[in-house]
Amino acid sequence: MINIIIRREYMERVTKKSFIITTLLMPVLMLAMMLMPILIEQFAGRDSRKVVVMDQCGLIAPSLQSDAMVVFDNAAVDNVDEALADESVDAVLVIPDNIMNNGGVMQFYTKGSSSLALESAITGQVNDIIETNRLKNYNIDNLSEIIDAVHSDVALQSIRTDEDGSTRESSTVLSYLLGIVLTFLLYMCLLLYGQMVMTSIIEEKNNRVLEIIVSSVKPTKLMLGKICGIGLVAVTQIVIWGVLLASISAFVLPAVMSPQVSADLTAYGTAGVDPTQLSTDIDMLQMMSMLGDTMYILQLFGLLLLFLIGGFMLYAAIYAAIGSAVDNIQDASQLQSIIVIPVVLGIVFGMSAASDPSSTLSMWTSMIPFTSPMVMMARIPFGISAWEIVTSLVILYVSFFIMVWVAAKIYRVGIFMYGKKPTVKELIRWARYK
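Okay, here's the thing in structure tokens:
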């Protein structure tokens, strides 16, 4: 009988057009969100701003260079108001007379709002001019050439050593991004599909359907059937996403890669090659190397599935208990804080773990079952020890078995209760019934 319940809950949701469209479009939307800022930056362009310069020291304004973002005007004006009265002027830059020796603060008067890019461009030019003039005071021949000659621009190649002694290149930037994405993916799945369990139970309870169903199947089996059926929908979605991303890694990425980057990537994986001799940036090569490793992508999604199943069963059991104890969504929303607070904490600790995956806080929060799915998925891309992953999974699965047992006791009482929203104390008393 439980197989029938699982099949019904699964097929009812997985055959919906919204599920199919969301599942297929989500990877495309995620890729578009990643590329959108680059495309906007490339094609949108910026409006040029005319800036009148009031240089009280007389040394900065002649060296300022106009570009596509800002056009400098060194026209003599008496005050700021006079300059801003000109409709063609967008801003006025006032440079104090002591700026060369003592630094100081410039004033930037604008019509309307300014922008970070504009202010950074102006301060960057002014700082370069001040540094150049200060260097001239040392009266050293070819000082600028000497500084260029001693300038250092080193790169850091991150190589991870695993427990078996093997080594592999890794990208800390990509690991951080993957950790954040996987954490939010788990966060959305736990809340979205957990709420589906609760909503389904509330709807059937209001329609009195549960009273008919429990005449043929035990309440515990009914609850497990709902949880497993909806959980399979989440698993199906993650599996499809994993297959799509693995296909992109194996076929699409090599096809769109430029010949030069492809050649550098091949050379980068060859032993004894000096990365500094390659034309592609070392950080980009590390990221492309990880993204092009199909087995690495499949491994990530395999672990994601394990933590998704354990985390979903844990939280879905709580959602099922709440759904059985109330009559409407409004009452359920007031009890949802029991679930939402630890999930939100999981996101917070997960973002902290992505910044420092080896910290003591990250290690312990990745062992606590209520936060471990999100925190551990933020740490896994960095290559943490296998024993930590196994320990976290064991604790998580033991916890969800205990939670399902407790939730089943609440569920078998709650589905027959109507007209009153129970308190947390009453839910605990129901869980103690034999």
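Counted the way the working numbering counts, the sequence shown spans residues 269 to 702. Glycine is no exception: its CB is placed at the ideal position from the N, C-alpha and C atoms.
{"Asked": "Which listed residue (P295, A588, V681 and P649) has its alpha carbon closest to that of S623", "Found": "P649"}
{"Asked": "Buried versus exposed, by CB contacts within 10 Å (16 or more), G570", "Found": "exposed"}
{"Asked": "Where M563 falls, given that 16 or more other Cβ within 10 Å makes a residue buried", "Found": "exposed"}
{"Asked": "I678 beta carbon less than 8 Å from that of K489", "Found": "no"}
{"Asked": "For Q602 and Y587, the rounded distance between their alpha carbons", "Found": "12 Å"}
{"Asked": "Where the alpha helix (DSSP H) containing L442 begins and where it ends", "Found": "T440 to N474"}
{"Asked": "Same chain, Cβ closer than 6 Å to A646, five either side skipped, listed in chain order", "Found": "G447, T451, G618, A621 and A622"}
{"Asked": "Assumed close pair L576, P527 - CB separation to whole angstroms, cut-off 8 Å", "Found": "Not confirmed; about 39 Å, so no contact."}
{"Asked": "Test item: CB-CB of S653 and V643 under 8 Å", "Found": "no"}
{"Asked": "Whether Y455 touches G614 by CB criterion (8 Å)", "Found": "yes"}
{"Asked": "Buried/exposed call for R317, threshold 16 Cβ in 10 Å", "Found": "buried"}
{"Asked": "Any 3 or more C-beta pairs closer than 8 Å across the region 331 to 339 and the region 385 to 392", "Found": "yes"}
{"Asked": "Contact belief for G510 with L566 at Cβ below 8 Å, rounded distance in angstroms", "Found": "7 Å"}
{"Asked": "C-alpha gap between G499 and K688, whole angstroms", "Found": "29 Å"}
{"Asked": "L703 to R281 span [Cα, whole Å]", "Found": "Residue 703 lies beyond the residue range present for the chain, which begins at 269 and ends at 702; the question has no answer from this structure."}
{"Asked": "Own chain, CB closer than 8 Å to P295, minus 5 neighbours either side, in chain order", "Found": "W509, L512, L513 and I516"}
{"Asked": "Exposed unless 16 or more other CB atoms sit within 10 angstroms - verdict on G372", "Found": "exposed"}
{"Asked": "Length of the line joining the Cα atoms of I590 and A600", "Found": "6 Å"}
{"Asked": "Pick from L478, F287, K404 and V418 that is closest to M685, judged by C-alpha positions", "Found": "L478"}
{"Asked": "Between the CA atoms of Q554 and T378 - distance to the nearest angstrom", "Found": "43 Å"}
{"Asked": "In DSSP terms, what I242 is bridged to", "Found": "Absent from the model: residue 242. The displayed extent of the chain is 269 to 702, so no value can be given."}
{"Asked": "Residues sharing a beta bridge with V345, DSSP", "Found": "According to DSSP, V345 bridges with nothing at all."}
{"Asked": "Within 8 Å, strictly: CB atoms of N347 and A329", "Found": "no"}
{"Asked": "Residues near L521 by beta carbon distance below 8 Å, same chain, minus five either side", "Found": "M556, L559 and G560"}
{"Asked": "Inter-residue Cα distance where the pair is F580 and F376", "Found": "54 Å"}
{"Asked": "Residues of its chain near Q505, where Cβ-Cβ distance is below 6 Å and the 5 sequence neighbours each way are ignored", "Found": "T291"}
{"Asked": "Closest Cα partner of M374 within the set S381, V321, T639 and E694", "Found": "V321"}
{"Asked": "Under 8 Å between C-beta atoms of I683 and S627", "Found": "no"}
{"Asked": "Option nearest S483 by Cα separation, candidates G578, R680, P625 and T534", "Found": "R680"}
{"Asked": "Per DSSP, cross-strand counterpart(s) of R317", "Found": "V338"}
{"Asked": "Per-residue burial, F340 [other beta carbons within 10 Å of its own, 16 or more giving buried]", "Found": "buried"}
{"Asked": "Local conformation of A531 per DSSP, three classes", "Found": "helix"}
{"Asked": "Delimiting residues of the beta strand (DSSP E) encompassing Y679", "Found": "Where Y679 is concerned, there is no enclosing beta strand (DSSP E), although the alpha helix (DSSP H) it sits in stretches over A654 to G682."}
{"Asked": "Beta-carbon proximity check, S660 vs S634, cutoff 8 Å", "Found": "yes"}
{"Asked": "Distance, P637 Cα to C704 Cα", "Found": "The requested residue 704 is not part of the displayed model; the chain covers only 269 to 702."}
{"Asked": "N- and C-terminal bounds of the alpha helix (DSSP H) containing Y686", "Found": "That residue, Y686, is in no alpha helix (DSSP H); it is neither H nor E in DSSP."}
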